[in-house]
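Participant: Submitted below is the structure of interest, expressed as structure tokens.
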Amino acid sequence: MDHFAYRDGVLHAEDVSLEALADRVGTPFYCYSAATIARHFEVFSAAVAGLGNGDPLVAFAIKANPNLSVVATLARLGAGADVVSGGELARALAAGVPAGRIVFSGVGKQAHELAAGIDAGILQFNVESEAEIAMLAEVAAAKRKPVELAIRVNPAVNPGTHAKISTGNKDSKFGVPIERAGAAFVAAAGHEWLRPIGLAAHIGSQLTDLAPIEDCIGRLGALAAELRGAGHAVTRIDVGGGLGVPYRRDQPPPPEPTVYAEMVARATRGWDCRLMFEPGRMIVGNAGVLVSSVILVKQGAAKTFVVTDAGMNDLLRPSLYNAWHDIVALRPAADRITATVVGPVCESGDTFAEDRDIHAVAAGDRIAFLTAGAYGATMASTYNSRPLVPEVMVNGVDWAVVSARNEPAAMQALDSVAPWLAQPDSPRTV
Ligand SMILES: *Cc1c(COP(=O)(O)O)cnc(C)c1O
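Count along the sequence shown starting at 1, add 4, and that's the number in our numbering.
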């Protein structure tokens with residue numbers, strides 16, 4: 005459920021007209037609904053409440069949407085954070101996520117990032133290799149601080165999602181292969197300042213079938229039992245994120261959080277562990293839209309092209325993953341057309357939809373790409389020297405620009421002209 009709906013023929017975010025917002029901030033822009041973000045977090049948290057020992061930790065995967073206002077909205081509701089870089093750690097802390105609710109994942113953490121996590125006093129590191137254990141041991145020893153960690157296991161299951169968002173199959177770069185994960189845990193226990201306390205896994209994103217997750221959880225449970233049998237305490241198990249969201253209104257939705265939670269309850273029965281979850285997309289996916297204007301409609305040899313002012317640099321998912329976003333007019337006409345919706349970027353891959361049945365639109369009309377709250381703005385680039393677009397958050401009748409449009413001068417600010425080019429009368433160098 006989300007809070008984007010038509011009122012008097014115009015698409016609104018909560019109580020704010022997206023047409024009115026577009027007049028104020030210009031297009032393209034991302035718009036997030038605070039109520040939808042809160043609702044999704046609360047639905048998920050309520051579904052998993054009571055599972056495992058103690059309060060489960062719901063650690064929002066920051067990479068899905070790192071906007072400070074998005075993270076702060078979640079922090080106020082008690083969310084933790086799953087971070088995958090020093091930059092995300094800094095954002096989570098700046099947004100008010102308590103360090104004791106932060107877990108640090110990632111396959112290539114650097115010593116300075118491990119140090120920043122230790123200095124902040126985060127809950128745990130999810131360690132992804134034997135080499136990282138050695139690096140973490142060194143950093144912890146230098147600081148003389150005990151550090152809690154979980155071994156991120158590669159459980160060798162096929163999550164049945166797009167290859168580019170599959171992370172738990174055997175040949176994936178993520179995690180320690182399950183047959184070596186127990187030994188890695190034991191090795192970590194041998195380091196003076198390391199405290200291995202648990203296991204973690206995250207097998208992929210936009211999962212619509214719960215069976216591979218259940219399979220993965222079963223494998224974590226078997227490994228935990230083995231470690232306990234050898235005298236080690238395993239007190240936390242992090243089952244990752246990955247639950248899918250409905251991108252297409254015309255297709256059956258992925259499993260509800262309650263159904264997911266029933267599966268987790270079944271798969272973890274009797275475990276005697278604190279459970280941790282890392283949902284990203286499920287919290288913010290349907291809480292955001294990308295609003296764009298139609299620049300022009302162009303008749304190709306065989307196709308009708310709707311050319312929008314948003315491009316692949318603003319919303320990469322369709323060109324990166326062949327992802328589907330529903331496309332609607334902010335002020336729909338009764339007629340429909342079949343059109344290929346493209347951006348202005350000079351790449352054929354800058355295509356949002358092929359031969360799609362959409363509301364009839366003309367130059368100047370505004371449209372929205374739905375379900376753009378996750379992996380949207382955060383994957384944007386300035387390719388074609390296009391400015392990063394603003395992000396707006398709506399909260400009831402209130403709205404605020406929560407990330408500004410960067411203007412051409414800001415884009416050029418990090419460039420400089422090499423000294424030999426700066427002299428008007430300098431000799432030619434080539
Ligand atoms: C990306 C990621 C997540 C979140 O995945 P979603 O599909 O957005 O829920 C969780 N954990 C880790 C380690 C990740 O890399």
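Glycine is no exception: its CB is placed at the ideal position from the N, C-alpha and C atoms.
The structure displayed is predicted, hence computed values, not measured ones.
For ligand 1, is there a heavy atom less than 7 Å away from the beta-carbon of residue 282?
Facilitator: Counting from 1 along the sequence shown, the entry for residue 282 is found at position 278. Yes, ligand 1 has a heavy atom inside 7 Å of this Cβ.
Participant: Please name the residue, chosen from 49, 59, 42, that lies closest to residue 278 on a Cα-to-Cα basis.
Facilitator: Sequence index remark: in the sequence shown, residue 278 carries index 274 (1-based). With distances taken between Cα atoms, residue 278 lies closest to 59.
Participant: For ligand 1, is there a heavy atom less than 7 Å away from the beta-carbon of residue 67?
Facilitator: For this step, residue 67 is matched to residue 63 along the sequence shown. Checking the Cβ of residue 67 against ligand 1 gives yes.
Participant: Do you know how far the Cα of residue 16 is from the Cα of residue 8?
Facilitator: Sequence index remark: in the sequence shown, residue 8 carries index 4 (1-based). Sequence index remark: in the sequence shown, residue 16 carries index 12 (1-based). Whole-angstrom Cα-Cα distance: 6 Å.
Participant: For residue 41, which residues in the same chain have their Cβ closer than 7 Å to its Cβ, ignoring the five residues on either side in sequence?
Facilitator: Locating residue 41 in the sequence shown gives position 37, counting from the first residue. Result list for residue 41: 74, 77, 78, 287, 288, 291, in chain order.
Participant: Ignoring anything shorter than 4 residues, give me the alpha helix (DSSP H) runs that lie fully in the stretch 33–60, in order along the chain.
Facilitator: For the stretch 33–60, whole alpha helix (DSSP H) runs of length 4 or above, ordered along the chain, are 38–52.
Participant: Over what stretch of residues does the beta strand (DSSP E) that includes residue 84 continue unbroken?
Facilitator: Locating residue 84 in the sequence shown gives position 80, where the first residue counts as 1. Segment 84–87, the beta strand (DSSP E) holding residue 84.
Participant: For residue 216, I'd like the list of residues in its chain whose CB is within less than 7 Å of its CB, leaving aside the five on either flank, ordered along the chain.
Facilitator: What you label residue 216 is simply residue 212 of the sequence shown in a count that begins at 1. Once the five neighbours on either side are set aside, the close Cβ partners of residue 216 are 161, 162, 163, 164, 207.
Participant: Distance check for residue 394 and residue 232, CA to CA, integer angstroms please.
Facilitator: The residue given as residue 232 occupies position 228 in the sequence shown. The residue given as residue 394 occupies position 390 in the sequence shown. Whole-angstrom Cα-Cα distance: 50 Å.
Participant: Should the stretch 299–307 be called in touch with the stretch 254–267, which here means at least 3 C-beta pairs below 8 Å?
Facilitator: Flag = no, the stretch 299–307 and the stretch 254–267 do not touch.
Participant: Does the stretch 137–149 touch the stretch 167–175, meaning 3 or more C-beta pairs lie closer than 8 Å?
Facilitator: In short, these stretches do not touch, since the Cβ pair count stays below three.
Participant: Got a sec? Which residues, its chain only, sit under 8 Å from residue 174 by beta carbon, not counting five neighbours each side?
Facilitator: Taking the first residue of the sequence shown as position 1, residue 174 is located at position 170. Excluding sequence neighbours, residue 174 sits near 158, 160, 181.
Participant: Mind listing, in chain order, the continuous beta strand (DSSP E) runs of no fewer than 3 residues lying wholly within the stretch 175–218?
Facilitator: For the stretch 175–218, whole beta strand (DSSP E) runs of length 3 or above, ordered along the chain, are 198–204.
Participant: Rounded to the nearest angstrom, what separates residue 110 and residue 226 at their Cα positions?
Facilitator: Start at 1 with the first residue of the sequence shown, and residue 110 comes out as number 106. Start at 1 with the first residue of the sequence shown, and residue 226 comes out as number 222. Cα to Cα, residue 110 sits roughly 24 Å from residue 226.
Participant: Could I get the ranges of all uninterrupted alpha helix (DSSP H) runs contained in the stretch 106–134, with 4 residues as the minimum, in chain order?
Facilitator: Those alpha helix (DSSP H) runs which fall completely within the stretch 106–134 and span 4+ residues are 115–124.
Participant: In three-state DSSP terms, what is residue 427?
Facilitator: By one-based count along the sequence shown, residue 427 stands at place 423. Looking at residue 427 - three-state DSSP - the assignment turns out to be coil, as it is neither helix nor strand.
Participant: Using C-beta distances below 8 Å, list every residue in its chain close to residue 339, excluding the 5 sequence neighbours before and after it, in chain order.
Facilitator: Looking up residue 339 in the sequence shown gives position 335. Taken in chain order, the residues that qualify are 363, 364.
Participant: Could you name each continuous beta strand (DSSP E) segment of 3 residues or more that falls completely within the stretch 320–363, going from the start of the chain to the end?
Facilitator: 331–333, 340–346, 355–363, all fully within the stretch 320–363.
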